[in-house]
Amino acid sequence: MKILVGVKRVVDHNVKVRVKADGSAVDLDNLKMAINPFDEIAVEAAVRLKEAGIASEVVVVSIGPEKAQDTLRQALAMGADRAILVPYAGLSEPLAVAKTLKALVAKEAAQLVMLGKQAIDDDCNQTGQMLAALLDWPQGTFASELKVADGQVEVVREIDGGLETIALALPAVVSVDLRLNEPRFASLPSIMKAKKKPLEQVTAEELGVDLSPRLELLSAVEPPVRQAGGVLVATAAELVAKLKTEAAVL
Ligand code: AMP
Numbered sequence: 146m147k148i149l150v151g152v153k154r155v156v157d158h159n160v161k162v163r164v165k166a167d168g169s170a171v172d173l174d175n176l177k178m179a180i181n182p183f184d185e186i187a188v189e190a191a192v193r194l195k196e197a198g199i200a201s202e203v204v205v206v207s208i209g210p211e212k213a214q215d216t217l218r219q220a221l222a223m224g225a226d227r228a229i230l231v232p233y234a235g236l237s238e239p240l241a242v243a244k245t246l247k248a249l250v251a252k253e254a255a256q257l258v259m260l261g262k263q264a265i266d267d268d269c270n271q272t273g274q275m276l277a278a279l280l281d282w283p284q285g286t287f288a289s290e291l292k293v294a295d296g297q298v299e300v301v302r303e304i305d306g307g308l309e310t311i312a313l314a315l316p317a318v319v320s321v322d323l324r325l326n327e328p329r330f331a332s333l334p335s336i337m338k339a340k341k342k343p344l345e346q347v348t349a350e351e352l353g354v355d356l357s358p359r360l361e362l363l364s365a366v367e368p369p370v371r372q373a374g375g376v377l378v379a380t381a382a383e384l385v386a387k388l389k390t391e392a393a394v395l
């Protein structure tokens with residue numbers, strides 16, 4: 146079973162992003178970029194399936210700028226076998242990514258596609274669902290546990306009221322949630338080894354996919370600045386008095 150994993154290059158989750166002065170978009174210039182954290186979890190899950198002898202090959206894919214090669218190399222250092230970059234300088238949109246992944250699924254004859262539940266830059270949470278619809282494959286979203294056996298994927302899903310367990314017949318699409326696993330740190334030897342692993346470039350034209358945007362970003366605004374809310378009180382008695390007289394909650 147070949148697994149395709151989508152990895153997106155996004156702004157590092159520790160970076161506080163700012164809106165451009167003209168409010169046209171978020172300013173991405175000179176920011177630290179990283180692999181989308183949920184995609185790191187998807188790579189880890191796929192590599193574990195390979196280590197368990199369930200998957201035959203793990204192929205990581207990114208639709209993004211040349212620099213996304215670094216992101217792919219990181220996934221290779223975690224244990225993926227091969228990488229494919231579909232070069233695109235603009236902001237990738239979920240439908241375009243889903244169409245690209247569909248074309249790569251056919252090219253690679255992959256049986257399982259693993260994605261993050263969402264990209265932390267656009268917060269769309271759409272790509273996996275769109276891909277499953279385009280492929281007409283079953284999907285398990287928000288996976289917090291995963292078992293693959295006998296041509297089936299058992300997915301425990303995190304839902305509002307608790308956990309739901311579903312079985313999907315392969316081939317299938319799975320999008321992963323935070324609690325699925327803890328991604329490994331790539332060791333220095335594996336980083337060195339990753340430099341020699343194959344990283345192929347395939348253009349959108351070769352795949353017959355149009356990546357041009359269908360959405361127009363009208364404006365971006367900073368969230369309102371929070372008012373300072375806390376007051377330090379000296380004693381419990383003072384707290385009780387304030388709750389009674391000022392907050393009127395007692
Ligand atoms: P989204 O629907 O944008 O929130 O993204 C959900 C998931 O789709 C991500 O966690 C990735 O696994 C995958 N994905 C989205 N955009 C890309 C991209 N440009 N390249 C590769 N994978 C992507």
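Residue numbering for the sequence shown follows my numbering, starting at 146 and increasing by one per position.
Built from N, CA and C at the ideal position, the CB exists for glycine as well.
Top-ranked residue by Cα proximity to residue i, from the options
| i | options | result |
| --- | --- | --- |
| G168 | V394, L362, K387, Q372 | L362 |
| N270 | L388, K247, K153 | K153 |
| E327 | K262, F183, D174 | F183 |
| K161 | G151, A170, K177, M146 | K177 |
| M223 | D267, A294, R302, K338 | K338 |
| G289 | V301, E391, A331 | In the sequence on display, residue 289 carries Ser and not Gly. Nearest C-alpha to S289: V301. |
| Q346 | D174, K195, P232, L194 | P232 |
| A241 | D215, S201, R359, L308 | R359 |
| L325 | K341, D281, L308 | L308 |
| K342 | L384, E202, E196 | E202 |
CB of residue i within 7 Å of CB of residue j, strictly
| i | j | result |
| --- | --- | --- |
| A317 | V298 | yes |
| V204 | R218 | no |
| P239 | T272 | yes |
| V188 | A220 | yes |
| A190 | L323 | no |
| M259 | I148 | yes |
| L352 | A248 | yes |
| P210 | A225 | no |
| A179 | D215 | no |
| V354 | K244 | yes |
Rounded Cβ spacing between residue i and residue j (contact assumed at less than 8 Å)
| i | j | result |
| --- | --- | --- |
| I265 | V155 | 5 Å |
| L333 | L257 | Incorrect: roughly 30 Å between the Cβ atoms, too far for contact. |
| G151 | V206 | 6 Å |
| G261 | N159 | About 17 Å separates the two Cβ atoms, so there is no contact after all. |
| V321 | I199 | With 8 Å as the limit, V321 and I199 do not qualify as a contact, their Cβ atoms being about 16 Å apart. |
DSSP state of residue i mapped onto helix, strand, coil
| i | result |
| --- | --- |
| A313 | Correcting the residue type first, residue 313 is Leu in the shown sequence and not Ala. L313: strand per DSSP, three-state reduction. |
| P368 | coil |
| G198 | coil |
| E290 | strand |
| V188 | helix |
| V319 | strand |
| Q271 | coil |
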